[in-house]
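**Q** Numbering (UniProt numbering), first residue to last: 1 to 181.
Even glycine gets a Cβ: it sits at the ideal position worked out from N, Cα and C.
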Amino acid sequence: MKVVELTQETWPLAEALFSTSKTVEWCFCTWFMQTNAEMKVNDNREVLRARLGSPIGLLAVDGAEAVGWVAVAPRASYSRLARSKITAPISDDISGVWSVTCFYVHRSARRQGVTSLLLDAAVDHAAKAGAKSIEGYPIDTEGRKLQAGELYHGRLAMFLDAGFELVERRGTRRALVSRAL
Numbered sequence: 001m002k003v004v005e006l007t008q009e010t011w012p013l014a015e016a017l018f019s020t021s022k023t024v025e026w027c028f029c030t031w032f033m034q035t036n037a038e039m040k041v042n043d044n045r046e047v048l049r050a051r052l053g054s055p056i057g058l059l060a061v062d063g064a065e066a067v068g069w070v071a072v073a074p075r076a077s078y079s080r081l082a083r084s085k086i087t088a089p090i091s092d093d094i095s096g097v098w099s100v101t102c103f104y105v106h107r108s109a110r111r112q113g114v115t116s117l118l119l120d121a122a123v124d125h126a127a128k129a130g131a132k133s134i135e136g137y138p139i140d141t142e143g144r145k146l147q148a149g150e151l152y153h154g155r156l157a158m159f160l161d162a163g164f165e166l167v168e169r170r171g172t173r174r175a176l177v178s179r180a181l
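#1: Could you tell me which whole alpha helix (DSSP H) segments of length 4 or greater appear in the stretch 22 to 106?
#2: So if DSSP puts LYS2 in a beta bridge, which residue, or which two residues, is it bridged to?
#3: Which residues bound the beta strand (DSSP E) around SER176?
#4: How far does the beta strand (DSSP E) with SER133 in it reach, from first residue to last?
#5: Would DSSP call GLU15 helix, strand or coil?
#6: Of the residues GLY171, ARG155, THR172 and LEU176, which one's Cα is nearest the Cα of GLU165?
#7: I need the straight-line Cα distance from VAL47 to ALA157, nearest angstrom please.
#8: Do SER178 and SER133 have their CB atoms nearer than 8 Å?
#9: What does the Cβ neighbour count give for THR115, buried or exposed, with the cut at 16 atoms within 10 Å?
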């Protein structure tokens with residue numbers, strides 16, 4: 001399995017992967033890029049496609065198919081992050097801060113370490129692009145049984161295992177984590 005950046009060349013792989021889930025196909029991983037009003041009227045597939053050429057995310061590819069996705073980009077490219085109590089910045093200075101906002105792993109590839117592979121690749125990708133730090137907004141699954149659809153932010157334990165530090169808990173199940181690069 002390899003991890004590749006979403007580009008014009010890898011776009012067909014993302015389209016095929018996202019079409020395997022009604023929720024992901026509708027959102028096309030643009031939720032954090034847009035307002036609610038924009039989400040209702042925009043073709044989310046085209047919103048994401050229009051950002052090709054800028055950092056957007058990475059695909060886990062097994063053979064000729066994408067089996068996983070992580071959205072990773074400069075925090076400033078996600079307008080919704082500043083408006084949520086869960087994802088509000090810890091500082092007014094967000095220059096050099098990147099964010100991991102979403103994961104999606106195809107049902108056939110779950111429980112095989114794909115999400116951890118994508119998180120490690122996201123950290124490397126942000127570092128190579130010159131990021132000073134990278135954040136995540138995972139869910140604490142300790143003592144809870146959750147559905148796969150609730151895990152799109154990633155698990156807190158996975159982020160901590162990848163060298164992220166808990167900055168603070170946000171709400172009863174969410175956290176803000178950060179890793180210096």
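**A** From the atom records:
#1: 22 to 27, 36 to 41 and 44 to 50
#2: VAL61
#3: As written in the sequence, residue 176 is Leu, which differs from the Ser given in the question. From DSSP, the beta strand (DSSP E) with LEU176 extends over 174 to 180.
#4: 133 to 136
#5: helix
#6: LEU176
#7: About 32 Å.
#8: yes
#9: buried
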